[in-house]
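Contents: one structure, followed by commentary.
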C-alpha cells in the first residue's frame, strides 16, 4: 500500500518538470532586475546581454543619488510622498471596501442588485476613459496639490469591493447571527467577525492596491502641479523617459528600476504568507 | 421567567403564495422542553428564528414573559441559540467563544473566567479552552456551542437541529446530556428537529408541523397513542403506521370496518366518536402500528381462517436485533408487522394477519382527521 502511494507516475514527473520550468521562466525578469542594478557601466552594454552580474558594484545607486541631489526637489521628498500616499490609500481602500463588501454581501436592501451591477460595470472601464472626469472632480473639489488628491481617485476600488463581496458572502450567516444573539452590534459584528475572517481577501486586495498606487504616475502628472507633491513613481518615470537615449544614464535607470520594484516584492511576500496562513487556520469549511 | 406566547403568528416570505408559518398559536410554559418536529420546509426553523428575533414576524404577536417582543432585537430577548452547524467563531479560541457573549454584556472579567470555567467543567471541555474551533472534533464543537449558550444563563434556550451533524452514537449520547442539562438548569428549551425519535425522547411536549401549520401539540405518549390526523400518525413512529382504506358500516348496532379483503368488528369505545361524525363514516382509513399487527402461521386443518384474520404473503423480513419487522403483501398493499426476533418467516410464505382492534385508529379519508379519542383538535 505504502509503495503504491509513493510511486510517482510519469504524468506527475512531466507535471512537476513543466511547472518548475514555467516558474523559472517567470522569475527571469526579477533575476534580471536584481542583477541589472548592480552591473557596472560596461556590463550594462554587453552584447549579447548577460543575466547575471560579473563584478557587482554600488556605483549605480551612487549616480542615482547624485543625480537626484541635483534636482530642485530632493529624492527623499518623492520617497516620503510615495510612502504617505501608498500607506493612506491602502488603509482607506481597506476600510471602504470591507464595509461596502460586508453590506453588499450580507444585507438585503433596495437597489442592491443595481449597485452590484454598477460595480461590475465599472470594472470594465479603462483608467484612461475616466481621466478627464477625474480631473474635473479633483479640480472642482479644489484638492489639487494635496495628498487627498492622490488618494481620492483610488478610494473607490471596484475590484476590491467585488472580491470582498464574494469572500464575505461565503462567511456562514449563522456565524453573524450567533454574534448578534451574543449581543454584538452591527459594528461589533463587522470588527470582531467580518474583518478577522476576511483577512485573506484583505491581504489579496492589499497586494494589488499597493502595486497600483506605488506605480501610479497619473495622479502626479494630472492633479499635482507642484513638484513637491509628486511621487517617486513620477520621478523615476520622468527620469527614465529623460534618459532613454542617454548612454551614460542607463546605470541610473537600472538602480531606479530596482528601487521601484523592491517595495512591491516586499509587500507581496509579506501578504502572500498571510494569505496562506489564514487560509489554513481560518477553520471555515 | 421564561414563558413564551405565540399569538396567531404568521410568516410570509415575499414572492411566495403560501405562508411559511401559518397561524402559529401556542403557549410555552416556564421550564418546558418543547420540541418542534416536522419534515423539512414545514416552518419549524422559521418559527424558532422568529422567536430568536432573527426573522421578522409578518403578523401576530410574540410574548416572552408577558412582554411584547416583536420588535425587540435578539440580544435583548435574553435567549441563547445553538445552531445546526455550531457557528463557532473560527478566529477565537474556545474560551473566547464562550466568553464573547458575557464580554459584550459587560460582565466583570473575573466573573467571566469563573462562569466559563464552570461551564467547561460541566461539559468536560476544560482541556480544550485554549484551542481554536478548527482543532476540535464534531462532538467537541457541539459541546462548545452548548457551552456558549449555557454560560450566558439565558431564560430560554433555542436549539436548531443541534445533533444532525453528529454520528449515531455521539448523537444518542449528546441527546441524553441535553435532556439532563435541561432538567438541571430548569430553563425553557425550544428544540427543532426533523427526527421523530429525537422529538419523542427529548420533549415534554411536542409540536408536529407540516406546511407551516401546527398539526398537533401533545406530550410524546399521547402523540403516539392518539395521533390527531393521518400526517401525525404516519410521521411519528418507525417503521411507520400501516394505513388501510375502507369504509365503516353499521350492522345490528355494531360497526364494522369493511374493505375488499376484510370485515373487522370495531370495539365499542370508538362508537361515540363515530356518532358525532356520521357524515364522514363512508370512507375512512384504518391505521395500525406494526406492534399491533398479529401474524401467525396458517392452521392446515382449517379451510377458513379464524375470525378477524385474513391471508397474506411474506414479502421480506427486516431484523433489527431486538425485533423483526415482517413486510407482508395484503392484496396490493404492503403491511408491516412486528414479531419476536426468533420467529423467522420465509419469503413467499403464506401467513394469517390480524389487528389488535383495541389499538387501531380511524381517520377520515378526505380530511385525514382522526375519528377516535385524539381527534378533539381536528
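Residue numbers (our numbering), protein chains in the order written: chain A, 1 to 285; chain B, 1001 to 1378. No residue lacks a Cβ here, since even glycine has one placed at the ideal position from N, Cα and C.
Closer than 7 Å at the beta carbon, the chain B residues around residue 184(A): If you number the first chain from 1, residue 184(A) lands on position 184. Chain B residues near residue 184(A): 1104.
Three CB pairs or more closer than 8 Å across the segment 198-205 of chain A and the segment 156-176 of chain A: Yes: the two stretches touch, three or more of their Cβ pairs being nearer than 8 Å.
Where residue 1012(B) falls: helix, strand or coil (DSSP): Here residue 1012(B) corresponds to residue number 12 of the second chain, with the count starting at 1. In the three-state scheme derived from DSSP, where H, G and I count as helix and E and B as strand, residue 1012(B) is classed as coil.
Whole alpha helix (DSSP H) elements within the segment 199-231 of chain A, 4-residue minimum: If we require 4 residues or more, the alpha helix (DSSP H) runs fully inside the segment 199-231 of chain A come out as 199-214 and 218-222.
Chain A residues whose Cβ lies nearer than 7 Å to that of residue 1074(B): The count along the second chain starts at 1 and reaches residue 1074(B) at position 74. Within chain A, the residues near residue 1074(B) are 180 and 181.
is_contact[residue 1280(B), chain A] using C-beta, thresh 8 Å: Within the second chain, the letter at position 280 stands for residue 1280(B). Because the pLDDT of residue 1280(B) is 48, which lies under 50, any placement of that residue in the model is unreliable, and the question is left without a value.
Proximal residues, the segment 1147-1158 of chain B versus chain A, C-beta separation under 8 Å: From the segment 1147-1158 of chain B, only 1148 and 1152 have a Cβ closer than 8 Å to chain A.
Min CB distance residue 283(A) to chain B below 8 Å: One-based indexing of the first chain puts residue 283(A) at position 283. With a pLDDT of only 43 at residue 283(A), under the threshold of 50, the placement of this residue in the model should not be trusted, and no figure is reported.
Residues of the segment 182-209 of chain A whose Cβ lies closer than 8 Å to any Cβ of chain B, in chain order: Correct list: 182, 183, 184, 188, 192, 193, 196 and 197.
Contact list for residue 1095(B) against chain A, beta-carbon separation under 7 Å: Locating residue 1095(B) in the second chain gives position 95, where the first residue counts as 1. Result: empty, since nearest Cβ-Cβ is about 14 Å, beyond 7 Å.
Buried or exposed (CB count within 10 angstroms, at least 16 for buried), residue 1053(B): The count along the second chain starts at 1 and reaches residue 1053(B) at position 53. So residue 1053(B) counts as buried.
Where the segment 249-272 of chain A meets chain B: residues whose CB sits under 8 Å from a CB there: So the list is empty, because no residue satisfies the distance condition.
Within 8 Å, strictly: CB atoms of residue 1166(B) and residue 1174(B): Taking the first residue of the second chain as 1, we reach residue 1166(B) at position 166. Taking the first residue of the second chain as 1, we reach residue 1174(B) at position 174. Residue 1166(B) is a Cβ neighbour of residue 1174(B), given a cutoff of 8 Å.
Alpha-carbon to alpha-carbon, residue 1355(B) and residue 1286(B): Translated into the one-based positions of the second chain, residue 1286(B) becomes position 286. Translated into the one-based positions of the second chain, residue 1355(B) becomes position 355. Their backbone Cα atoms lie some 10 Å apart in a straight line.
7 Å Cβ cut-off: residues of chain A touching residue 1101(B): Stepping through the second chain from its first residue, residue 1101(B) is reached at position 101. Those within 7 Å of residue 1101(B) in chain A are 182 and 183.
Chain B residues whose Cβ lies nearer than 8 Å to that of residue 226(A): Position 226 of the first chain, counting from 1, holds the residue named residue 226(A). Going along chain B, no residue has its Cβ under 8 Å from residue 226(A), so there is no contact; the nearest lies around 45 Å.
Nearest-angstrom beta carbon gap, residue 1159(B) and residue 1200(B) [assumed within contact, 8 Å]: As a first step, residue 1200(B) must be located in the second chain, where it is residue number 200. As a first step, residue 1159(B) must be located in the second chain, where it is residue number 159. With a Cβ gap of about 16 Å, residue 1200(B) and residue 1159(B) do not count as contacting.
Cutoff 8 Å: residue 1052(B) Cβ touching any chain A Cβ: Counting from 1 along the second chain, the entry for residue 1052(B) is found at position 52. The beta-carbon of residue 1052(B) is placed less than 8 Å from the nearest beta-carbon of chain A.
Straight-line Cα distance separating residue 28(A) from residue 13(A): Stepping through the first chain from its first residue, residue 13(A) is reached at position 13. Stepping through the first chain from its first residue, residue 28(A) is reached at position 28. Taking the straight line from one Cα to the other gives about 23 Å.
Delimiting residues of the alpha helix (DSSP H) encompassing residue 1184(B): Within the second chain, the letter at position 184 stands for residue 1184(B). Residues 1168-1185.
Rounded C-alpha distance that separates residue 1007(B) from residue 1243(B): Taking the second chain and counting its residues from 1, one reaches residue 1007(B) at position 7. Taking the second chain and counting its residues from 1, one reaches residue 1243(B) at position 243. Distance from the CA atom of residue 1007(B) to the CA atom of residue 1243(B), rounded to whole angstroms, is 35 Å.
Residue 174(A) at chain B interface by Cβ criterion, 8 Å: Within the first chain, the letter at position 174 stands for residue 174(A). Chain B contact via Cβ: present.
Contact list for residue 177(A) against chain B, beta-carbon separation under 9 Å: Here the question's residue 177(A) lines up with position 177 in the first chain. The answer, in chain order, is 1049, 1052, 1054, 1074, 1081, 1083 and 1087.
Alpha-carbon to alpha-carbon, residue 26(A) and residue 49(A): Numbered from 1 along the first chain, position 49 holds the residue referred to as residue 49(A). Numbered from 1 along the first chain, position 26 holds the residue referred to as residue 26(A). Rounded to whole angstroms, residue 49(A) to residue 26(A) spans 18 Å at the Cα level.
Within-8 Å CB hit, residue 1090(B) to chain A: Your numbering for residue 1090(B) matches position 90 in the second chain. Cβ-Cβ to chain A under 8 Å: yes for residue 1090(B).
Identity of the residues DSSP links to residue 1216(B) by a beta bridge: In the second chain, the residue the question calls residue 1216(B) occupies position 216. For residue 1216(B), which the question treats as bridged, DSSP gives the partners 1208(B).
Any 3 or more C-beta pairs closer than 8 Å across the segment 1028-1043 of chain B and the segment 1003-1018 of chain B: With the cut-off at 8 Å, the segment 1028-1043 of chain B and the segment 1003-1018 of chain B touch.
For residue 1017(B), three-class secondary structure by DSSP: Mapped onto the second chain, residue 1017(B) falls at position 17. Here residue 1017(B) sits in coil by DSSP.
CB-CB length for residue 1259(B) against residue 1365(B), believed under 8 Å: Walking along the second chain from the start, residue 1259(B) turns up at place 259. Walking along the second chain from the start, residue 1365(B) turns up at place 365. At roughly 12 Å, the Cβ-Cβ gap does not stay under 8 Å, so residue 1259(B) and residue 1365(B) are not in contact.
Residues near residue 1049(B) in its chain [Cβ-Cβ closer than 7 Å; skip 5 each side]: Here residue 1049(B) corresponds to residue number 49 of the second chain, with the count starting at 1. If we look at residue 1049(B) and ignore the five residues flanking it on each side, its Cβ neighbours are 1055.
Three CB pairs or more closer than 8 Å across the segment 62-72 of chain A and the segment 86-102 of chain A: As far as the Cβ criterion goes, the segment 62-72 of chain A does not touch the segment 86-102 of chain A, which means the pair count is below three.
Three-pair Cβ contact test at 8 Å for the segment 211-220 of chain A versus the segment 1118-1137 of chain B: Below 8 Å, too few C-beta pairs join the segment 211-220 of chain A and the segment 1118-1137 of chain B to call them touching: fewer than three.
Between the CA atoms of residue 1296(B) and residue 1325(B) - distance to the nearest angstrom: Here the question's residue 1325(B) lines up with position 325 in the second chain. Here the question's residue 1296(B) lines up with position 296 in the second chain. Going from the Cα of residue 1325(B) to the Cα of residue 1296(B) covers about 13 Å.
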